[in-house]
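Below is one structure, written out as structure tokens; comments come after it.
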Amino acid sequence: MVVREHFFRITLEIEGTAECAETKHTQLSIGDSQEIVERHLLIDGFTDDSDTVVRLVPPRGESFDHSDTRIWSIDHSDIRSQYVAGMLVAPFLVSSLTLDSPDNGKTVLEIGLGGGSFDMNLHKWKPNVNISVVELDSTVADIAKKWFGVEEVKNRHTIVQDGLVYLQEALKQGVKFDVIVLDACDEAIRAPCPAKVFRTVKVIENFKKALTSSGCLIVNILSNDYSSAESSSQEVSE
């Protein structure tokens, strides 16, 4: 396998501070014929792992060496991240969503957009499920739209708002969700995901109240050491 990379540097303005990020385009050549090109979003301080990965689709007759990959389209049906694949499988394992029906009218709330890999893939396979994605930062939403093919379409919407506020408003209105995905992170080095503001008993109780009787809560737990990961897991499960 041959791997080659192109880097494009962008700047994110988050809460008044400048955070740098790189969009990396990676070519994976397998044998003499198959070429897979990916777009990665890398955040300063966490460059060992990609924040988002999507597969790019070239215009007809174009290749990695002879085309500007920044204008290639996105294939949301191809999952390029193991953790996204795990989150997509989870609601089917516990029957919050089903494989043998369109799940008309079911609702999914995702807090934390990132590059939109989870919600765009789920929307592709479950277009009748109503998906709301709440993202705190408008710049993240803009990048997801420009670089990662996130779209405003029927039954799939991005809402720029504080996820905690959105959850509280949903509870006041009696809104219930079949699936809630918590994929919001902060800048903590040891345990960035989920963000610390979501790891309280009150917030976890509110998530539970916002679920239907067969609903599930899916949490992305990311840590650089085992003890922090175990602590985050206990905070959520308790």
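According to numbering that gives the first Met the number 0, the stretch in the sequence shown is residues 0 to 237, in order.
C-beta: ideal position from N, C-alpha, C; glycine also.
Fair warning: this is a prediction, and the values are worked out from it, not measured in the lab.
Item	Value
The stretch 137-149 / the stretch 177-197 touching (three or more Cβ pairs under 8 Å)	no
Given 8 Å, three or more beta-carbon pairs between the stretch 50-67 and the stretch 89-96	no
Cβ pair count under 8 Å reaching 3, the stretch 151-164 against the stretch 73-92	no
With 16 other Cβ atoms within 10 Å as the buried cut-off, status of isoleucine 217	buried
Entirely enclosed beta strand (DSSP E) segments - the stretch 156-220, minimum 3 residues	176-181, 210-218
Three-way DSSP call (helix, strand, coil) for isoleucine 70 in this model	helix
Closest by C-alpha distance to glycine 173, when choosing among Arg189, Ala209, Leu112	Ala209
Residues bridged to lysine 125 [DSSP beta-bridge criterion]	DSSP lists no partner for lysine 125.
Where serine 222 falls: helix, strand or coil (DSSP)	coil
Valine 152, enclosing beta strand (DSSP E) - first and last residue	Segment: none, valine 152 is in no beta strand (DSSP E) and carries neither H nor E.
Expected contact under 8 Å - CB spacing of serine 212 and alanine 190 to nearest Å	Their Cβ separation, rounded to whole angstroms, is 31 Å, which puts serine 212 and alanine 190 out of contact at 8 Å.
Burial state of serine 72 (16 or more Cβ within 10 Å)	exposed
Buried versus exposed call for proline 193 [16 or more other C-beta atoms within 10 Å across all chains shown]	buried
Leucine 87 versus arginine 59: straight-line alpha-carbon distance, rounded	30 Å
Beta-bridge pairing of glutamate 134 - partner residues as DSSP gives them	Val159
Asparagine 120 versus isoleucine 220: straight-line alpha-carbon distance, rounded	20 Å
Proximity below 8 Å, CB of serine 49 to CB of leucine 40	yes
Identity of the residues DSSP links to isoleucine 110 by a beta bridge	Val133, Leu181
In DSSP terms, what threonine 51 is bridged to	Leu40
Histidine 122 vs isoleucine 110 beta-carbon contact at 8 Å	no
Closest residue to phenylalanine 197 among Asp177, Gly214, Val164, Ala169 (Cα-Cα distance)	Val164
Sub-8 Å separation of leucine 112 and valine 132 beta-carbons	yes
Close Cβ partners of glutamine 167 (< 8 Å) along its chain, the five nearest in sequence each way excluded	Asn205
Limits of the alpha helix (DSSP H) - the one that phenylalanine 91 falls within	81-92
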